[in-house]
Every structure is written in C-alpha cells, then in structure tokens.
Amino acid sequence: MVPVLGRAAHGRPVARGRLRPVGPRAGPHRGRRPPSHGPKAQLRVSGAAPDMMDFTTLYRRHSEDVFRFAFYLCGDRATAEDIVAETFVRVWGARDRVEIATVRGYLLAIARNQYLQGRRRGQRDAILDEALPDPARPVDEAREAKQELARVLALLQELPEIDRAALLMRAEENLSYEEIAAALRLTPAAARVKVHRARARLAAAREEPTR
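Next comes the structure, spelled out in structure tokens:
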C-alpha cells in the first residue's frame, strides 16, 4: 500500500490513511510481443560503477511505480496498464541512452508522454477505476477505502496536468525536485512551485463540504 499524496504545505495530511490501486494484472505488453529477455537483450546503465540490467529486472524493479503514477495521473486502471506497456516498450528501445541514475525519472517522463499522447488521440479521462476490493478487509472498510480513492482521483483530475504530474512524482514516487525538473523540462524552482501549488489546491478542495 502507498501513502496518497503526502501532506499539504501547512502540514495537515491531504488524504487520510493509505490507499492501494491494484497493480498491473498481467505482463507489460498486453498483446504485444515483448523484447527478448536473453543475455544479449540488456539495458546498459552507468553510475558509480557500470552495470547491466535485463528487461525482466527493469520491469520487476519499476513496473509498480510506473503503474501507480499512471493510475493516479489518468484515473483509469485499463488506461494505466496500457501506459505501462507502452512505456517499457519505448524505454527498452532507447536502452543505450538510459543511465542508472535517471532510469526511474526517465520511465515516469515517458509514462507521462504516453498519457498526453492518449489524450490527444481523443481518449477520455476516467474519474473512478473499477478497483477490486481487498478480500482481507471488512466490507465496510473496503467500501470506505474505495470511496476515498474515488474522491482522491476526482480531486487529482481537477488539477492542471503538469501540476498533477509534478505532485505525483514528488509525493508518490519520492523524486527529488531536480529529477522532477528533468522529467518535466522545468527548473527545480518551478517544479517546487508546482508541487506546492498542487498540494495547496488539494488541501483546499478537501476542506470544502461534499455535495
């Protein structure tokens, strides 16, 4: 389970408790032929020491983060799964240019681009995903969690897209402002302002009485 959106600028929680969007149901390609997983198909990464990462390792390490980011960005489970699939296909195709220090931020930037391209193709944003209840939870608790998730998703959709992306990268994925700036092509100061503004808007919206 993941904390939803951290705290607002004044220190009060933006969302209570923890909500868990269900992860991708299948592999990363949903009908597409995956890249080879053999020893010749590897992501060359560089950091303190050169390393190699095959596709399976890349997907295992980062697919849940990419799905969570995409899910909160678009609000729809099926769309988020498609974004995950296309993201890993595209990143794998550009593997020679990805460095280990930037791979996570790079994945999220590609996921955001896929989301924006989908919007331009006329896909509609969904407000509430048909999330599966957690069988370990009592029925009332599961219903309350689903309602809270629905409200968080609805509030997120009211934010400007770039503010929403910046907030999710910071609050859900714990990227630094420098990493957010690189992913969104902003300055670190602008990234910080967008996160602060998004948190303030969410906090104000949550304090409004529900109709």
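Numbering (the numbering used here), first residue to last: 1 to 211. For every residue, glycine included, the Cβ atom is placed at its ideal position computed from N, Cα and C.
Distance CB(residue i)-CB(residue j) smaller than 7 Å
| i | j | result |
| --- | --- | --- |
| residue 93 | residue 183 | no |
| residue 110 | residue 91 | yes |
| residue 167 | residue 195 | yes |
| residue 108 | residue 169 | yes |
| residue 112 | residue 165 | yes |
Beta-ladder partner(s) of residue i, from DSSP
| i | result |
| --- | --- |
| residue 96 | Paired residue(s): none; residue 96 is not in a bridge. |
Proximity to residue i [Cα-Cα], best of the options
| i | options | result |
| --- | --- | --- |
| residue 75 | 150, 205, 173 | 150 |
| residue 66 | 114, 154, 188, 190 | 114 |
| residue 155 | 58, 194, 198, 118 | 198 |
| residue 202 | 163, 117, 188 | 163 |
| residue 70 | 58, 102, 118 | 118 |
| residue 96 | 54, 174, 204 | 54 |
| residue 206 | 158, 102, 187 | 158 |
| residue 175 | 204, 192, 160 | 192 |
| residue 73 | 160, 204, 102 | 160 |
Burial state of residue i, where buried means 16 or more other Cβ atoms lie within 10 Å
| i | result |
| --- | --- |
| residue 178 | exposed |
| residue 79 | buried |
| residue 49 | No answer about residue 49 holds up, because its pLDDT of 39 lies below 50 and its placement is not dependable. |
| residue 172 | buried |
| residue 63 | buried |
| residue 60 | exposed |
| residue 56 | exposed |
| residue 87 | buried |
| residue 244 | Examination of residue 244 is not possible in this model, given that the chain is present from 1 through 211 alone. |
Any non-hydrogen atom of the ligand ADP closer than 6 Å to residue i Cβ
| i | result |
| --- | --- |
| residue 183 | Looking for the ligand ADP in the displayed structure turns up nothing, as the structure carries no ligands at all. |
Practice task
Flag this pair as touching only if the segment 170-183 and the segment 80-87 have three or more C-beta atom pairs under 8 Å; answer yes or no.
Solution key: No: the two stretches stay apart, fewer than three of their Cβ pairs being nearer than 8 Å.
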